[in-house]
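Colleague: Have a look at this one.
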Amino acid sequence: MRSVMKRFSLHHIFTALAGVPLVLALLMAVEVAINQKSAVSQANIEQEIIELTLLSDNLAHNLAVERGLTAGVLGSKGAQEQVAKLKAQRTIADQHIAAFNAFQPQYIAADITNRLKQSVNAQLTDINQVRSQVDQLAPTRSPFAYYSNLNQLAIDNALLLVSGVNSPEVSRLGSSLNSVMIIKERAGQVRGALNGAFARKSSSMGQYTAIENYINSGQYAERIATLAMPAEFLAQLKAAKDTPTWQQVTAIQDQYLDQKNQLDSLQGPSALEWFGLATERIKLVNSIRNQLAATMSDAVTSQARSAQWQLSIMLAAIVCLGVILVGGLIMSLTSLKNRVGQLTRDLSNMSQSNDLSMTLQSDGKNELSQISLSVNGLVASIKHLLLNVTETNDHSNQRLDQMVKGANDLGDSSRATSDKCSNIAAAMTELSQSSLEIASSSERALEETEQMTNKVLTCQKQSQDSYEIVKALVSQIEQTQECMLQLEQDALSVSKIVDTINGISEQTNLLALNAAIEAARAGEHGRGFAVVSSEVRDLAQRSKDATEHISQLLSNITNNTQTAVSNMHKSREATDSTFNSVSEVTNSVSQLEVLIETVNEHITSIANSTVEQSKASEAVDLDVDVLTEIAQNTGQLADKMNHIVISYRQEVSEVNDQLQKFKLA
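In case it helps, UniProt numbering puts the sequence shown at residues 1 to 665.
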């Protein structure tokens with residue numbers, strides 16, 4: 001589900017999530033509107049049903065009046081007054097027949113109304129024939145039965161139509177109207193039948209039975225009416241029954257029923273009197289019928305209007321609500337799309353321009369504001385981190401500069417150390433050569449002293465030569481003493497150089513330690529630098545060990561040099577004595593042998609010292625070679641470290657260039 005939702009944009013998802021319920025709500029509203037429209041259609045149908053029912057009732061009522069007048073004409077044998085009333089009623093009945101047939105429904109199914117009309121019109125086709133026979137006072141078909149059958153069809157149609165009413169109120173009024181129609185029809189049938197009987201002053205048992213059935217059916221209809229009628233119409237019915245006319249008609253009916261055994265000599269009012277009273281009673285019933293019809297018409301009209309009004313209100317509400325919901329949805333989606341688009345554009349601009357000084361709009365309390373606020377917090381944290389990284393990078397640059405300077409100084413110091421070592425090596429070579437010369441001179445002096453021993457007698461003769469030799473010896477001893485002093489000074493210089501190398505080694509060790517720390521901070525980029533710094537520390541330690549060894553050797557050389565200087569000082573004193581002795585050789589020949597022995601001993605001591613000095617010089621020369629190699633290695637490592645530091649500095653510079661791409665302020 002998540003993978004599917006990731007394929008769509010946010011506003012599309014929200015459109016679907018909000019649009020589907022909205023569409024469903026609108027569909028439900030449309031369904032409610034359709035149902036309400038159906039209610040409107042049903043109300044219109046019921047309105048037409050009531051209209052057709054009233055037309056059928058009017059038709060039945062007027063045909064019932066015509067039926068009663070027809071009975072009066074036949075009973076009176078064509079009395080002109082009865083004939084005139086019958087013709088006038090026929091005109092009214094024809095108008096209601098035309099109105100019934102002219103009804104064209106808009107909502108009721110046409111096949112239903114056509115079938116209802118067809119059954120009535122099938123009977124109406126014979127009405128002219130029945131009327132003609134009545135006019136001729138020679139009916140071959142019972143007019144009473146004809147009109148009664150025709151009225152019953154109209155009543156049945158009304159009952160059928162009212163059964164299609166769904167409204168409880170209208171259905172109750174329709175049932176009441178049907179009951180009143182039956183009451184009126186039965187009253188009309190009783191009126192017509194008794195009108196003929198009273199006109200003839202006689203009756204038959206069949207007519208008696210029919211009239212009794214009409215009266216019983218009317219009473220049954222009254223019972224149904226009292227059960228179905230609303231209270232106001234029930235009160236009107238009771239009031240009508242309490243009128244003198246109704247009471248008188250009821251009394252006449254009871255009087256007729258009481259004459260079952262004397263139907264041939266019927267007692268009662270005249271036909272005209274009876275017809276008038278019966279008609280008045282029918283008018284009372286008809287007034288109730290008219291009020292029921294008006295109430296039903298008003299009810300169905302009000303119901304239709306109310307349904308139409310409710311439909312209009314509902315449609316207006318649906319349209320307004322739909323417009324509000326759709327407008328709100330569109331506005332919400334537009335706002336969401338704009339805010340998401342603005343957020344996307346701001347993030348895209350921030351990403352493309354690396355501008356961390358930008359801030360997203362976080363006003364509001366919705367999720368986008370919270371996201372913007374969180375992104376602003378994240379950007380602030382990244383900005384702070386990059387500032388710290390930039391500051392650290394600057395510090396690293398400074399430290400790298402110091403390391404480069406230190407590496408350069410170390411290289412210079414290594415080269416200087418190498419040069420000093422070369423100088424020391426040259427000096428030690430010269431010292432070794434001087435020692436060899438001193439040894440050679442000592443050997444020659446020893447030979448000469450031996451010759452002097454052998455030639456003591458010729459000493460005087462050769463005193464001048466000895467004087468020159470001694471003078472040369474003094475000069476050589478002075479030179480040797482100067483060389484020894486220079487050697488002592490060089491040894492001190494070498495000691496200082498060794499101290500310098502030792503300090504450089506310690507500084508190199510510290511620099512290597514700092515480089516290792518910085519390499520550890522640099523992480524993966526400083527791994528190679530860490531290896532080099534470790535090698536530098538090892539070389540620095542080896543340099544320190546070598547310088548300590550050289551310091552020990554230089555200490556020995558210094559001690560030997562001091563001894564040689566002391567001996568040379570003694571030799572100089574001896575040569576001075578020899579020089580004095582040679583000067584006084586003439587006077588001191590007797591002491592020459594002793595002095596020659598002394599000189600011999602000194603020369604032997606010098607020879608031994610020079611041999612030891614030569615050995616020490618060789619050892620120093622070897623250590624100086626080692627120190628030179630260490631200095632060269634240190635220089636190479638310093639150059640290598642310099643290259644690594646420069647490479648790391650380039651990487652730091654690249655990182656700095658990348659950091660410079662971010663706008664932090």
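We treat Cβ as the ideally placed atom computed from N, Cα and C, and that holds for glycine.
(1) Quick check: the Cα distance between S270 and A304, rounded to an integer number of angstroms?
(2) Check whether the Cβ atoms of E488 and T547 sit closer than 8 Å, and answer yes or no.
(3) Is the separation between the beta-carbon of I282 and that of G218 shorter than 8 Å?
(4) Pull the bridge partners of D264 from the DSSP assignment, please.
(5) Quick one: what does DSSP say K383 is sitting in, helix, strand or coil?
(6) K184 by DSSP, collapsed to three states: which one?
(7) So who's on the other strand from D355, going by DSSP bridges?
(8) According to DSSP, is Q451 part of a helix, a strand, or is it coil?
(9) Short of 6 Å in beta carbon distance, which residues of its chain neighbour E478, apart from the five on each side in sequence? Order them along the chain.
(10) Less than 8 Å between the beta carbons of A543 and I501, yes or no?
(11) Kindly indicate which three-state DSSP category D465 falls into: helix, strand or coil?
(12) Is T634 closer than 8 Å to L510 when the C-beta atoms are compared?
(13) In whole angstroms, what is the alpha-carbon distance linking L378 and R339?
(14) Who are the Cβ neighbours of N397 in its own chain at under 8 Å, not counting the five residues just before and after it?
(15) Please list the terminal residues of the continuous alpha helix (DSSP H) segment that includes E81.
(16) For Q89, collect the residues of the same chain with a Cβ closer than 6 Å to its Cβ; drop the 5 residues on either side in sequence, then sort them by chain order.
(17) Specify whether the stretch 160-178 and the stretch 91-106 touch according to this definition: at least 3 beta carbon pairs, one from each stretch, less than 8 Å apart.
(18) Roughly how many angstroms separate the alpha carbons of M350 and A522, rounded to a whole number?
(19) In the DSSP assignment, find the alpha helix (DSSP H) that holds Y147 and state where it starts and stops.
(20) Since S204 is in the alpha helix (DSSP H), which residue starts that stretch and which ends it?
(21) Using 8 Å as the Cβ pair cut-off and three pairs as the minimum, do the stretch 277-295 and the stretch 229-245 touch?
(22) Where do the N-terminal and C-terminal ends of the alpha helix (DSSP H) with Q123 fall, by residue?
(23) Indicate whether I517 and D623 have their beta-carbon atoms separated by less than 8 Å.
(24) According to DSSP, simplified to helix, strand and coil, what is Q342?
(25) Relative to the C-alpha of F579, which candidate in A616, I469 and R537 has its C-alpha closest?
(26) For residue 691 and Q136, which I take to be in contact (beta-carbon distance under 8 Å), what is that distance rounded to the nearest angstrom?
(27) What does the alpha-carbon distance come out to for the pair M358 and S372?
(28) How far does the alpha helix (DSSP H) with S360 in it extend, from its first residue to its last?
(29) Rounded to whole angstroms, what is the Cα-Cα separation between V170 and K365?
(30) Quick one: what does DSSP say Q136 is sitting in, helix, strand or coil?
(31) Would you mind stating whether R203 and L263 have Cβ atoms separated by less than 8 Å?
(32) Could you say which of N608, D355 and T628 lies nearest to E437 if we only look at CA atoms?
(33) Check this for me: beta carbons of A307 and A43, under 8 Å apart or not?
(34) Please state whether DSSP places S584 in a helix, a strand or coil.
(35) Based on Cα-Cα distance, which residue from Q82, H61, A109 and G268 lies nearest to I92?
(36) Using a threshold of 8 Å, state whether the C-beta atoms of K663 and S353 are closer than that.
Modeller: Let me spell this out:
(1) Inter-residue distance for S270 and A304 is about 49 Å (C-alpha atoms, whole angstroms).
(2) The answer is no: Cβ separation not under 8 Å.
(3) Taking 8 Å as the Cβ cut-off, I282 and G218 do not qualify as a contacting pair.
(4) In the DSSP assignment, no residue is bridged to D264.
(5) K383: helix per DSSP, three-state reduction.
(6) DSSP places K184 in the helix class (H, G or I) of the three-state scheme.
(7) Answer is K663, bridged to D355.
(8) Shown here, Q451 sits in a helix according to DSSP, grouped into three states.
(9) Answer for E478: no residue qualifies.
(10) Residue identity differs from the one stated: residue 543 is Ser in this sequence, not Ala. S543 places its beta carbon less than 8 Å from that of I501.
(11) For D465, the secondary structure class from DSSP, reduced to helix, strand or coil, is helix.
(12) Cβ atoms of L510 and T634: not closer than 8 Å.
(13) The alpha-carbon of L378 is positioned some 19 Å away from that of R339.
(14) Closer than 8 Å at Cβ, skipping near neighbours: R649, V652, S653 and N656.
(15) Membership of E81 in the alpha helix (DSSP H) is indicated by the continuous run Q80 to A102.
(16) Hits under 6 Å: V65, E66 and L69.
(17) They do not touch, by the three-pair rule.
(18) Spanning the two alpha carbons is a distance of roughly 28 Å.
(19) Counting along the chain, the unbroken alpha helix (DSSP H) around Y147 starts and ends at P143 to V162.
(20) Counting along the chain, S204 falls outside any alpha helix (DSSP H), and DSSP gives it neither H nor E.
(21) Yes: the two stretches touch, three or more of their Cβ pairs being nearer than 8 Å.
(22) In the DSSP annotation of this structure, the continuous segment of the alpha helix (DSSP H) that includes Q123 starts and ends at A110 to L124.
(23) No, these two residues do not count as a Cβ contact at 8 Å.
(24) In this structure, Q342 counts as helix in the three-state DSSP scheme.
(25) Closest by alpha carbon: I469.
(26) Examination of residue 691 is not possible in this model, given that the chain is present from 1 through 665 alone.
(27) Rounded to the nearest angstrom, the two C-alpha atoms are 11 Å apart.
(28) Here residue 360 is Leu; the residue named in the question, Ser, does not match the sequence. No alpha helix (DSSP H) holds L360; DSSP gives it neither H nor E.
(29) Here the alpha carbons of K365 and V170 stand approximately 57 Å from one another.
(30) It is coil, neither helix nor strand.
(31) For the sequence presented, residue 203 should be read as Ser rather than Arg. Taking 8 Å as the cut-off, the beta carbon of S203 is found closer than this to the beta carbon of L263.
(32) Residue N608 is the option with its Cα nearest to E437.
(33) Yes.
(34) Correcting the residue identity first, residue 584 is Glu in this sequence and not Ser. Residue state, collapsed to three classes: coil.
(35) Comparing Cα positions, the closest option is H61.
(36) The Cβ atoms of K663 and S353 sit closer than 8 Å to each other.
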